[in-house]
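Numbered per this note's numbering, the sequence shown spans residues 491 to 1045.
Here a beta-carbon is modelled for each residue, glycine too, at the ideal position from N, C-alpha and C.
On a predicted model such as this, the values are computed, not experimentally measured, just so you know.
The next block holds one structure in the form of structure tokens; read it before the comments.
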Amino acid sequence: MRLILPTLLLIFWSINGSADHHTEPSKISANNLSDMVKVMASDEFQGRAPGTPGEDKTVAYLIAQMKKIGLVPGGAEGSWTQAVPMMRSEVKPSAKMSFSSADTVLTLAQGTSVSVDTATALTNIVATDIPVVFVGFGANAPEQDWDDYGEIDLTGKLAIFLVNDPDFAAEPKEAVAGRFGNRRMTYYGRWAYKFEEAARRGALGALVIHETEAAGYDWSVAAAGAGENVSLANKDPKALPVTLQGWLHNDAAQELLAAAGHDLDALRNTARQPEFQAFELEGIRFDADLEVKITTFDSQNVLGLLPGNERPDEVIIASAHWDAYGIGAPDEQGRTVRAGANDDALGSAGILELARVIKAQPAMARSALFAFWTAEEAGLVGSMAYAADPIFPIEKTVANFTLDILQTAGAAKDVILVGKGQSDLEDDLARAAKAAGRYVTEENLPENGLFYRADHFSMARVGVPVLLMMGIAGGADLVVGGREAGNQWIADYIGNCYHKPCDAWSPDWDLTGAVQDIELFRQLITELGGTTRWPAWKPGSEFKATREQSASLRQ
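See below:
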């Protein structure tokens, strides 16, 4: 286990950090949420980056809070943690990258025209005279009779992708319209899938052309932490990553494609056609010379357990990620700590509040595991590590409830559903919301692909039914200001604060809506904890078949 804070500091936290001793045991407390976020998002925690002193402080704090609540260790062999072997790679500022043709050289600047990192352990990456392939959206979807790759060989080449799905920007009359998810991003639209597919096909590298609307965030977010990557150290040899991966600025992409005799906007239209096939950019070569600093360390998932009194082997997981982006370049106010107050200190505080309130209730028949994942911001690494090597069998894991960003603008008339049509937990949510005088609104920013961008997705991929609460999935119908005010909150948060120092604790937060949403999770967890019911995936869900393989173990 990593270094732990001095006992005196832990005692101070235990007394002052989040304990509102006048809070009703049976109710989620906005004051408690705010107090805990204030601690975890403080400069002292240094942005909670994995493998830093900020991790040590965060892990110690979470354990101290769970001990105070009365949970027991949920990790292996009676520990509070699960080790996650990590590797941090940092591309040094001396990096040189360029595209060239017979008469043109396009020099790339890290963080400005490109944002490149590596998930390999290479300390020096030299790529010379590398062919470049435009693969369109890069989707290989047999169930949609769609294959962007055709007969192209990507071995040793650089693949250039468009972001999102082929039908994201399609007009209703186009053949591709509605073929994937319309405005709802599918997994084929995620950069993670595109990198994985490029690796499966032997590519040297993969770059996704950035578009603010299609990506769901602007270039400053894509370029945040340019050159840095945190990933699992012990990678599956069958799924090794590409050597270089990242984002290509739209302006640089336009210049590149023009040098090859193509127009980017025209190619976007062409790539939406079912007959599109990837092609090599004639006469274009990519060169790179990068030095990379590699460090390895063990990060920690933090796990607290509330054992069931009848069927303790049946486990419900409530989770959030504890990590944020650490220390970065100063913003306009000189702030360097990217504190992740909302993303996801508030979610972590919500899980602690769930634990506190559920512990105060009559004991449940089933167990509840309160999990705080590491390295979500690096690509769901901690939750994927748990899913691959679970402490409690996946087959007997009842459901996963994830909190990742909650809106801080006040009470809402509705609750936002992320990923419609996946599991019958959605029906439970609608019923609970109705009983609370609220209603369900489907995410109104489905193009952002949020169902595939939070830790619950790691659980879904191994078959566990999931439900995500995420405040940026769509503007809430706020009691004060309605949908317009909810949309404005998202615009302000994503535009100004997402993954930036601006995501800081504020005494002006109105956490009434966050409390409402956490309370819905409390109700659903409590209900499932007292029944023998196993939530199921809906027909058509891509996760249904995986779950059904272990159905006999849940009789």
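Quiz item: In the DSSP assignment, what residue or residues form a beta bridge with Tyr929?
Solution: For the purposes of this step, residue 929 is identified with residue 439 of the sequence shown, where counting begins at 1. Answer by DSSP bridge pairing, in chain order: Asp904.
Quiz item: Is the Cβ-Cβ distance between Phe862 and Leu552 less than 8 Å?
Solution: As a working mapping, residue 862 is identified with position 372 in the sequence shown. As a working mapping, residue 552 is identified with position 62 in the sequence shown. Result yes, Cβ atoms of Phe862 and Leu552 sit closer than 8 Å.
Quiz item: Are the beta-carbon atoms belonging to Leu757 and Leu746 less than 8 Å from one another?
Solution: Within the sequence shown, numbered from 1, the residue matching residue 757 stands at position 267. Within the sequence shown, numbered from 1, the residue matching residue 746 stands at position 256. The answer is no: Cβ separation not under 8 Å.
Quiz item: Looking only at C-alpha atoms, which of Ala778, Ile962, Gln572 sits nearest to Ser584?
Solution: As a first step, residue 584 must be located in the sequence shown, where it is residue number 94. Of Ala778, Ile962, Gln572, the residue nearest in Cα terms is Ala778.
Exercise. Quick one: measure Cβ to Cβ for Gly798 and Met854, integer angstroms, because I've assumed they're closer than 8 Å.
Key: Counting from 1 along the sequence shown, the entry for residue 798 is found at position 308. Counting from 1 along the sequence shown, the entry for residue 854 is found at position 364. The Cβ separation is near 5 Å, so the contact holds.
Self-check item: Cβ distance (whole Å) where Val574 is taken to contact Thr864 below 8 Å
Solution: As a working mapping, residue 574 is identified with position 84 in the sequence shown. As a working mapping, residue 864 is identified with position 374 in the sequence shown. That belief holds up - the Cβ atoms of Val574 and Thr864 are roughly 5 Å apart, short of 8 Å.
Self-check item: Straight-line gap, Thr602 to His739 (C-alpha atoms, nearest Å)
Solution: One-based indexing of the sequence shown puts residue 602 at position 112. One-based indexing of the sequence shown puts residue 739 at position 249. Cα to Cα, Thr602 sits roughly 7 Å from His739.
Self-check item: Nonlocal neighbours in the same chain, by C-beta distance under 7 Å from Glu980, ignoring five residues either side
Solution: As a first step, residue 980 is located in the sequence shown; it is residue number 490 there, counting from the start. It should be pointed out that residue 980 corresponds to Ile in this sequence rather than to Glu. Only Ile962, Gly965 meet the Cβ criterion.
Quiz prompt | Ala743, enclosing alpha helix (DSSP H) - first and last residue | solution = Along the sequence shown, one-based indexing puts residue 743 at 253. Taken as a continuous stretch (DSSP letters only), the alpha helix (DSSP H) holding Ala743 covers 740 to 749.
Self-check item: Entirely enclosed alpha helix (DSSP H) segments - the segment 515 to 579, minimum 4 residues
Solution: 520 to 530, 543 to 559
Self-check item: Where the beta strand (DSSP E) containing Ala790 begins and where it ends
Solution: Locating residue 790 in the sequence shown gives position 300, counting from the first residue. The amino acid at residue 790 is misidentified as Ala; the sequence shows Gln. Looking at the DSSP string, the run of the beta strand (DSSP E) that includes Gln790 is 769 to 796.
Quiz item: CA-CA distance, Arg825 and Asp637?
Solution: Against the sequence shown, residue 825 aligns to sequence position 335. Against the sequence shown, residue 637 aligns to sequence position 147. Looking at the two C-alpha atoms, the distance is approximately 46 Å.
Self-check item: Local conformation of Gly1019 per DSSP, three classes
Solution: Within the sequence shown, residue 1019 is the residue found at index 529, counting from 1. Residue state, collapsed to three classes: helix.
Quiz prompt | Given 8 Å, three or more beta-carbon pairs between the segment 897 to 916 and the segment 948 to 960 | solution = yes
Quiz prompt | Cβ-based burial, Gln600 [other Cβ within 10 Å; buried from 16] | solution = One-based indexing of the sequence shown puts residue 600 at position 110. Flag for Gln600 reads buried.
Quiz prompt | Bridge partners - Pro802, DSSP secondary structure assignment | solution = Taking the sequence shown and counting its residues from 1, one reaches residue 802 at position 312. Bridge partners of Pro802: none, in fact.
Quiz prompt | The alpha helix (DSSP H) enclosing Asn934, as first and last residue numbers | solution = In the sequence shown, counting from the first residue as 1, residue 934 sits at position 444. Per DSSP, Asn934 belongs to no alpha helix (DSSP H) and is neither H nor E.
Practice problem: Closer than 8 Å by C-beta to Thr733: which residues in its own chain qualify, once you throw out the five before and the five after it? Chain order, please. | Solution: For the purposes of this step, residue 733 is taken as the residue at position 243 of the sequence shown. Closer than 8 Å at the Cβ level, and outside the excluded window around Thr733, lie Thr608, Thr610, Leu612, Ile615, Ala617, Leu694, Gly695.
Quiz item: Taking the alpha carbon of Ala845 as the point to measure from, which residue in Gly564, Gly544, Lys924 has its own alpha carbon closest?
Solution: For the purposes of this step, residue 845 is identified with residue 355 of the sequence shown, where counting begins at 1. Nearest of Gly564, Gly544, Lys924 to Ala845, Cα basis: Gly564.
Quiz item: How would you call Arg1023, buried or exposed, if buried means at least 16 neighbouring beta carbons within 10 angstroms?
Solution: The residue given as residue 1023 occupies position 533 in the sequence shown. Answer is exposed; the Cβ neighbour count stays below 16.
Practice problem: Take Gln1013 and list the residues in its own chain whose beta-carbon comes closer than 7 Å to its own, dropping the five residues that flank it on each side. | Solution: Position 523 of the sequence shown, counting from 1, holds the residue named residue 1013. If we look at Gln1013 and ignore the five residues flanking it on each side, its Cβ neighbours are Ala922.
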